[in-house]
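As structure tokens, the structure follows; a few thoughts come after it.
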Amino acid sequence: MSLLKIEQLRKSFLSPEGDSLCVVDVENFTLNEAEFCGMRGESGSGKTTFLHLIAGILSPDRGQIQINGKNVCQMTDSSRDLLRARLIGYVFQSFNLLQGFTCLENLQLTMSFADHSNQSDPYELLDRVGLGKRINYYPHQLSIGQQQRVALARALINQPKLVLADEPTGNLDPVNAAKSMELLCELCRESKTTLFLVSHDEKVIQNFDRQENWEELSKSNCVKGEV
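This note's numbering puts the first residue of the sequence shown at 8, with every later residue one more than the last.
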């Protein structure tokens with residue numbers, strides 16, 4: 008069963024010269040429940056914008072995005088925010104942890120946005136990612152690899168149906184990158200969560216059952232000025 012369904016999705020931005028620059032032009036794209044999909048694409052090619060559109064962080068110029076049968080594009084801002092909090096976990100390349108909050112508080116704040124009972128125990132999840140003894144540490148007191156594990160726990164704390172991972176190993180050394188990927192896939196597999204990961208490095212997605220190429224998926228080489 009399809010969890011995510013996208014049709015005729017397009018997003019453009021204005022260049023400094025005032026021309027329209029198309030960065031996302033996807034005709035069709037679907038993700039099934041519990042599917043693992045990895046997509047490779049060059050840096051700056053529009054992958055992050057695509058994820059932001061799926062998550063409802065950005066609005067498209069046109070097209071349809073359905074998540075769990077709900078049309079994200081037709082929702083109010085508040086409804087879209089609530090859907091994102093409850094159904095989507097997001098792993099950012101730069102982690103985006105709140106520096107003034109402890110590991111535990113970063114997870115608890117994310118839980119408060121979803122406001123529903125179907126959530127993981129933050130203590131158990133932090134222990135699961137190897138940070139059970141550092142729940143009261145602040146991000147600056149953690150190593151880069153440990154910060155990434157907090158980010159993974161935060162993405163999964165609300166037991167989302169879909170996890171979006173944007174270059175999740177981009178700031179990690181090869182050893183921590185491999186450990187992070189193994190942990191992310193293991194957690195998503197255990198919870199039967201759909202995982203959609205984008206990266207410029209094909210090695211990151213080499214073990215995914217489904218692999219896509221962003222340059223083939225998006226026809227975003229539009230002529231400047233064309234809308």
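No residue lacks a Cβ here, since even glycine has one placed at the ideal position from N, Cα and C.
query                                                                                                                          : result
Integer-rounded CB distance, given that residue 160 should sit under 8 angstroms from residue 136                              : 5 angstroms
Stretch pair the region 174 to 191 + the region 96 to 115: three plus CB contacts closer than 8 angstroms                      : yes
Cross-strand partners of residue 18 (DSSP beta bridge)                                                                         : 31
Minimum length 3: unbroken beta strand (DSSP E) runs contained in the region 61 to 94                                          : 69 to 74
Same chain, Cβ closer than 8 angstroms to residue 222, five either side skipped, listed in chain order                         : 48, 49, 52
8 angstroms Cβ cutoff met for residue 163 and residue 198                                                                      : yes
Cutoff 6 angstroms; reference residue 239; Cβ partners in own chain excluding five residues on either side                     : Any answer about residue 239 is impossible in this case: the structure gives the chain only from 8 up to 234.
Distance, residue 142 Cα to residue 110 Cα                                                                                     : 5 angstroms
Alpha helix (DSSP H) segment containing residue 198, residue limits                                                            : 181 to 198
Buried versus exposed call for residue 37 [16 or more other C-beta atoms within 10 Å across all chains shown]                  : exposed
Beta-ladder partner(s) of residue 173, from DSSP                                                                               : 205
Rounded straight-line distance, which links the Cα of residue 57 to that of residue 179                                        : 23 angstroms
Spatial neighbours of residue 215 in its chain, beta-carbon cut-off 6 angstroms, leaving aside the 5 residues before and after : 43, 45
When 92, 130, 205, 201 are compared against residue 224, the one with the closest alpha-carbon                                 : 205
Contact set for residue 138: own chain, Cβ-Cβ below 7 angstroms, skip 5 residues either direction                              : 110, 153, 156, 157
Residue 148 versus residue 134: straight-line alpha-carbon distance, rounded                                                   : 17 angstroms
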